[in-house]
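A.B. asks:
2 protein chains.
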Amino acid sequence: MQVPKQRSGPKQILGDLEGEVLECVWQRGPVSVREVHSHLAARREIAYTTVMTVMSRLAEKGLLQRRPEGRAFIYSASMPRDEYWTEVVKNFLDGVLQGANRPLLSHFVESLAADDAAQLDLLADIIEEKRRKRACS
Amino acid sequence: MQVPKQRSGPKQILGDLEGEVLECVWQRGPVSVREVHSHLAARREIAYTTVMTVMSRLAEKGLLQRRPEGRAFIYSASMPRDEYWTEVVKNFLDGVLQGANRPLLSHFVESLAADDAAQLDLLADIIEEKRRKRACS
DNA sequence: GACTATCTACTACATGACGTAGTACTATGC
DNA sequence: GCATAGTACTACGTCATGTAGTAGATAGTC
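Residue numbers (numbering that gives the first Met the number 0), protein chains in the order written: chain A, 0 to 136; chain B, 0 to 136.
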């Protein structure tokens, strides 16, 4: 039995191409449509106007900002990658962590430790802090 | 600037009605379409066949299982709520926690503590465990 | 000026997911 | 036979996303 797959990375709550575009803007921005298109087209065929439409829609959604420069628009991300992800995770966790159980927390810690053991230490520090703060109130 | 809203609860990766149906099956299952329909219809107008379709689709997706009983089907959830949520969160976090940073972790801990301070202790325990395990290897 | 390249605005289509729900058919009970 | 109950089948609308062509305007080059 397969649980429906959550998408990962910036694609989380965006379409695949949207996520790819956003990632590109984070890495290279401020950028024009042409630049993003060049970058994407290096790997596959995609029409210029497809890229342009997606960027325009992302701007409508507020994830990208744009300013005119000559005849073109220059796009930048509306928030840094870290900030975006913090918000995404925040929203997700706020809805889910009520009644978190041990297997869930266990998995969370494992995911963290798998990447970088320093994260575990960081998390432990944060928790100590919070518990200290709690003990004082 | 508003980050697109993540949906919360069982609705996370399902539609609204799908999530509601799944929740109903968890609470009352094994159930027939009629029972789920009665429960949902208590609060608003909804056609029997709408409920039936949604349940049928959830079964196709593998989230519900069904067995014939007389002319009807009896539906059950394919996995318990906890298990489902663990999987959902697992998939989400696996894609996101690479390069987790301090603000993100801070928020995570805060979300946890806001609900139930016991969770913080539980998490601290789990971390200690993992760090001990790490120190032994 | 003509031509070419570049860019956006405008437009449109397809697909899939989801919610919605009626109709037809069948089986069962009275 | 009639009424009820249940599924199969069917269909439609909306929305999000990916896809991309065309038209028109602008700028640069010859």
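For glycine and all other residues, C-beta sits at the position ideal for the given N, C-alpha and C.
Determine the contact status of Q64/A and S55/A, defining contact as a CB-CB distance below 7 Å.
C.D. replies: Residue 64/A sits at position 65 when you count from the first residue of the first sequence. Residue 55/A sits at position 56 when you count from the first residue of the first sequence. Against a cut-off of 7 Å, the Cβ pair of S55/A and Q64/A comes out as no contact.
A.B. asks: Would you mind listing the beta strand (DSSP E) stretches within the segment 62-106 of chain A that are 3+ residues and don't spill past its ends, in chain order?
C.D. replies: 63-68 and 71-76
A.B. asks: Using 7 Å as the threshold, is the C-beta distance between C23/B and V35/B below it?
C.D. replies: Within the second sequence, residue 23/B is the residue found at index 24, counting from 1. Within the second sequence, residue 35/B is the residue found at index 36, counting from 1. Going by C-beta atoms, C23/B is nearer than 7 Å to V35/B.
A.B. asks: Can you tell me the Cβ-Cβ gap for R80/B and F72/B, rounded? I've got them flagged as a contact below 8 Å.
C.D. replies: For the purposes of this step, residue 80/B is taken as residue 81 along the second sequence, with counting starting at 1. For the purposes of this step, residue 72/B is taken as residue 73 along the second sequence, with counting starting at 1. Contact flag wrong, Cβ pair sits at about 21 Å.
A.B. asks: In angstroms, rounded to a whole number, what distance separates the CA positions of A117/A and Q26/A?
C.D. replies: Position 118 of the first sequence, counted from the start, is the residue given in the question as residue 117/A. Position 27 of the first sequence, counted from the start, is the residue given in the question as residue 26/A. Approximately 25 Å, taken between the alpha carbons.
A.B. asks: Expressed to the nearest angstrom, what Euclidean distance is found between the alpha-carbon atoms of V2/A and R43/A?
C.D. replies: For the purposes of this step, residue 2/A is identified with residue 3 of the first sequence, where counting begins at 1. For the purposes of this step, residue 43/A is identified with residue 44 of the first sequence, where counting begins at 1. Any reading at V2/A must be qualified, since the residue scores a pLDDT of 48, below 50, and its modelled position is unreliable; no value is offered.
A.B. asks: Mind checking whether L103/A and T85/B have CB atoms under 7 Å apart?
C.D. replies: Within the first sequence, the letter at position 104 stands for residue 103/A. Within the second sequence, the letter at position 86 stands for residue 85/B. In this structure, T85/B lies closer than 7 Å to L103/A by Cβ.
A.B. asks: Note down, in chain order, every chain A residue with its Cβ under 9 Å from the Cβ of V53/B.
C.D. replies: For the purposes of this step, residue 53/B is identified with residue 54 of the second sequence, where counting begins at 1. By Cβ distance, chain A contributes nothing, its closest Cβ being about 15 Å from V53/B, past 9 Å.
A.B. asks: Output, in chain order, the set of chain A residues within a Cβ distance shorter than 8 Å of T49/B.
C.D. replies: Your numbering for residue 49/B matches position 50 in the second sequence. What T49/B touches in chain A: nothing, since even the nearest Cβ is about 21 Å away.
A.B. asks: Going along the chain, which residues of its own chain have a beta-carbon closer than 8 Å to the beta-carbon of H38/A, five neighbours each way excluded?
C.D. replies: Here residue 38/A refers to the residue found at position 39 when the first sequence is read from its first residue. Excluding sequence neighbours, H38/A sits near C23 and R27.
A.B. asks: Buried or exposed for E17/A, going by 16 or more other Cβ atoms inside 10 Å?
C.D. replies: Numbered from 1 along the first sequence, position 18 holds the residue referred to as residue 17/A. Residue environment for E17/A: buried (at least 16 other C-beta atoms within 10 angstroms of its C-beta).
A.B. asks: Where do the N-terminal and C-terminal ends of the alpha helix (DSSP H) with C137/A fall, by residue?
C.D. replies: Since the first residue shown for chain A is 0 and the last is 136, residue 137/A is missing from the structure and cannot be characterised.
A.B. asks: Need the endpoints of the alpha helix (DSSP H) that I126/B sits in, please.
C.D. replies: Against the second sequence, residue 126/B aligns to sequence position 127. That run of the alpha helix (DSSP H) goes A116 to A134.
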